[in-house]
Amino acid sequence: FAPLALRIKDLMPSARTSGDFIRLRYGRAAWWVFMVITAIYTLGFLITQAMGAGILLEALS
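As structure tokens, this is what we get:
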């Protein structure tokens with residue numbers, strides 16, 4: 001991933017996050033799509049973690 005990171009840094013030295021990269025490269029509309037996809041993915045991840053914690057607590061008690 002290092003060569004890709006260097007390429008991105010060369011293209012956009014002021015971008016710090018993946019959201020910054022999407023917004024600067026593709027515009028605000030694409031950034032909103034990216035944010036919605038990221039929020040859905042994060043929500044799914046949190047639900048999965050909560051289910052795992054519940055299963056673990058049930059197994060321990």
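Residue numbering for the sequence shown follows this note's numbering, beginning at 1 and increasing consecutively. Note that beta-carbon positions come from the ideal geometry of N, C-alpha and C, so glycine has one too. Because the structure is a prediction, the values reported are computed rather than measured.
Where residue i falls, given that 16 or more other Cβ within 10 Å makes a residue buried
i	result
Ile-22	buried
Residues of its chain near residue i, where Cβ-Cβ distance is below 7 Å and the 5 sequence neighbours each way are ignored
i	result
Leu-60	none
Of the listed residues the options, nearest to residue i (C-alpha basis)
i	options	result
Met-12	Ala-2, Thr-38, Phe-1 and Arg-25	Arg-25
Phe-34	Ile-47, Asp-20 and Leu-46	Asp-20
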